[in-house]
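Some notes on the structure that comes next.
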Ligand code: MIG
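In this note's numbering, the protein residues as written are 85 to 849.
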């Protein structure tokens, strides 16, 4: 029997009724569309805090097949009577079609057979588990997928299945089939194909599965065990347009304090004030710039959060005070688990006010983490978040300048938290299974808001677990990697995909966390890490030491070279963060983001861009001194020797241990600072631009430079200065101040025009 759709058009939405379900469609721009089950329209979104205004400029018409056609100036959406949705762009190109067949599941073994397979320890995960929502979309042969947070594997996510379930598993996260889930859940991806681009954000924080063409080459599949049927479709001419819209919806990273972009040194755990002070001295003596030392769990008294072991780490803020004389800041770790110990005021206050998660019977739920028996704050509740935010004062009083949130998946030592543990928010009681993936998000939010209120500076929060939208509150690190080459290699696609997921402020533990690093691995890792937005070396207890001076003079020299490079480029990094607040683009970018028409870039796992002007091609293989470099279109200048490279070509590059191949796009205008041992060591009253031209002198360039006090929120009141610098064909350089609000703006500006010195020969040449 032929169905006909009935529908109602309201000023800001379209409601579609079929025999079985009602759906609502809304637009937030000509390219951004939301499709949800009408019953789910008002579900709580943890990612989107302020829905942007509705876009009401759309037309709805019945279509010839008794379906419906909705158009905006960009999209042409066709809905068939059986409720299949096909999305075209305004040129008639099909971007995304609903799949017309059924899912073909791969698990066909009987229970008995499964048990047999499991006996040897093989994985027998059942991907056919019941789902309340299954979205099947047609998979085109040429589609590449990017995003999905920091999952294992390669830049292109096609062909693999991932699970969104924040997971702490410190084993080497290697084989993708066994590591479907990591610490973070970001149910957003961008699809790129020959016919165009689009993005999908599935706003469901429950356990979800993203099969990106693993079980079939015909479709891809998004499934949820429970929760809302609610997804956003983003069209866009470029992947950058899509990221801009996705981050308009879920938020962007606010400007960080400038010092947080410097170098951070960490290890689990520096065991006393004495050790930390002597470490700081070593940095200064070796002239390796460093802004901050991280304090892992041992600084606490019996792992009780918001306490301080004064015997080992000094009284009051004495440690921070001594460190600051040397230009160092301290960041300290805070886990969510609160030790069960009557008389410990964090525990007592939480119990008295019912701030902790309970079991189904209403008893406070206990599991085990570092302090032993522990309880878990219900961060779902505003009151609990405000309380937790206030607790940060204990650390601010000790002079701590940033908070590192760990174990917030939440991790637990006595088995996972049962699904039915209750987290209340005053009105609703959420089951653990419903809020597991946003637990870290809500903890970061509480921390951010507390720091903002009591410190008044731009909060510096690092989180391990997160969800879509956490970029508003915290930067992230990729958790417990290992000191193995495979994890250095994986760092590049991980950080690039975090950027493609809206999370621009990210890093991996430089040198590797678990296992034992080597001199060569550490050197190659800092050559990648110095470009990652969060620049931190961290390692586990009982592993070989991996501070920059842990090996020999050659290592120190190489390390210093790259940390110095980072400090020289600090104003460039800061500009990129500012740009991110405007357009949602990441700092560290896959080549595909700017060269999506070039097939060579689409699966490039071992090179990346920093903004648009720099391209790094680090060596990430043991024993390698030569590597293949691909440069996309344009003219590129070797940062080290100024040789000119024609783009669209492959080169063999000699990169001994002290060399990370680095290229500057001709026409680039790079802002640079003088060498400093830490941010603020020198009062910077002048800036120097390096301007890279091509040998035929035809390349032009344009650059926006941003300056403010690098610390607080005064810029929101217009207290910043913005410069526009341009390079004309005849080497004419023009600098203009377009906003003049920062009281300590530069008193002088200088530039060098960098001329190419000879040209390189490509592989074809
Ligand atoms: O179970 O605090 O990922 O960075 O050093 C280990 C100790 C707990 C895990 C974090 C790591 C940190 C470590 N933590």
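Just so it is clear, CB atoms sit at the ideal spot from N, CA and C, and this is done for glycine as well.
These numbers come from a predicted model, not from an experiment.
Requested in this report: Tell whether a beta-carbon distance below 8 Å holds between residue 596 and residue 561.
Outcome: no
Report task. State the Cα-Cα distance for the pair residue 533 and residue 356, rounded to the nearest angstrom. Result -> 30 Å
Query raised in the report: Just to confirm, are residue 807 and residue 789 a CB contact at a threshold of 8 Å?
Result: Going by C-beta atoms, residue 807 is nearer than 8 Å to residue 789.
Report task. Provide the residue span of the alpha helix (DSSP H) that contains residue 664, from first to last. Result -> Unbroken alpha helix (DSSP H) run through residue 664: 654-667.
Query raised in the report: How would you write the range of the alpha helix (DSSP H) that residue 573 sits in, first residue to last?
Result: 569-583
**Report entry** Through-space distance from residue 703 to residue 229, alpha-carbon basis
**Finding:** 25 Å
Query raised in the report: Quick one: any contact between the stretch 381-399 and the stretch 651-662, if contact means 3 or more CB pairs under 8 Å?
Result: no
Query raised in the report: Any heavy atom of the ligand MIG within a distance shorter than 7 Å of the CB on residue 563?
Result: yes
Query raised in the report: By Cβ distance below 7 Å, which residues in the same chain neighbour residue 752 in space, the five residues on each side in sequence not counted?
Result: 697, 776, 785
Requested in this report: To the nearest angstrom, report how far apart residue 630 and residue 617 are at their CA atoms.
Outcome: 20 Å
**Report entry** Rounded separation between residue 328 and residue 496 - CA only
**Finding:** 36 Å
Report task. Figure out for me which residue from 242, 262, 121 has the closest Cα to the Cα of residue 251. Result -> 262
**Report entry** Secondary structure of residue 834, DSSP reduced to three states
**Finding:** strand
Query raised in the report: Name the DSSP beta bridge partners of residue 700, please?
Result: 692, 746
Query raised in the report: Among the residues of its own chain, which have a CB less than 7 Å from the CB of residue 783, if the five just before and after it don't count?
Result: 719, 750, 751, 777
**Report entry** residue 852 to residue 218 span [Cα, whole Å]
**Finding:** Residue numbering for the chain in the displayed model covers 85 to 849; residue 852 lies beyond these limits and cannot be assessed.
Query - Distance between residue 266 and residue 306 (C-alpha atoms, nearest Å) - result: 17 Å
Report task. From the DSSP output, in three-state form, read off residue 85 for me. Result -> For residue 85, the predicted model reports a pLDDT of 45, less than 50, meaning its position is unreliable and no value from the coordinates is stated.
Requested in this report: Using only alpha-carbon positions, find the residue among 344, 451, 700, 299 that is nearest to residue 376.
Outcome: 344
Query - residue 843 versus 728, 780, 430, 354, residue with shortest Cα-Cα distance - result: Measuring from the Cα of residue 843, the nearest candidate turns out to be 728.
Report task. Determine the extent of the beta strand (DSSP E) in which residue 774 is found, giving its start and end residues. Result -> 770-776
**Report entry** residue 823 - containing alpha helix (DSSP H), residue span
**Finding:** First-last for residue 823: 817-824, but that is the beta strand (DSSP E), not the alpha helix (DSSP H).
Requested in this report: Indicate, with yes or no, if the ligand MIG has a heavy atom lying under 7 Å from the CB of residue 463.
Outcome: no
Query raised in the report: Just curious, the alpha helix (DSSP H) that residue 226 is in, first and last residue?
Result: Segment: none, residue 226 is in no alpha helix (DSSP H) and carries neither H nor E.
Report task. Please report the residue range of the beta strand (DSSP E) in which residue 351 lies. Result -> No beta strand (DSSP E) contains residue 351, which DSSP labels as neither H nor E.
Query - Exposure of residue 351, with buried meaning 16 or more beta-carbon neighbours within 10 Å - result: buried
Query raised in the report: Expressed to the nearest angstrom, what Euclidean distance is found between the alpha-carbon atoms of residue 690 and residue 577?
Result: 8 Å
Query raised in the report: So, helix, strand or coil for residue 787, using DSSP?
Result: Assignment of residue 787 by DSSP, reduced to helix, strand and coil, places it in the strand class.
**Report entry** Beta-carbon contacts of residue 823 that lie in its chain and below 8 Å, excluding the five residues immediately before and after
**Finding:** 802, 804, 805, 806
Report task. Give a single yes or no on whether residue 491 has its beta carbon closer than 7 Å to a heavy atom of the ligand MIG. Result -> yes
Query raised in the report: With distances taken between CB atoms, is the gap from residue 373 to residue 354 smaller than 8 Å?
Result: no
Query raised in the report: When the distance is taken between beta carbons, is residue 713 closer than 8 Å to residue 679?
Result: no
Query - residue 343 - partner residues in DSSP beta bridges - result: Paired residues: none, contrary to the question.
Query raised in the report: Which class does residue 367 belong to by DSSP, given the choice of helix, strand or coil?
Result: helix
Requested in this report: Could you spell out the range, first to last residue, of the beta strand (DSSP E) harbouring residue 241?
Outcome: Counting along the chain, residue 241 falls outside any beta strand (DSSP E), and DSSP gives it neither H nor E.
Query raised in the report: With burial defined as no fewer than 16 other Cβ atoms inside 10 Å of the residue's Cβ, what is the status of residue 413: buried or exposed?
Result: Its Cβ being crowded by 16 or more others within 10 Å, residue 413 is buried.
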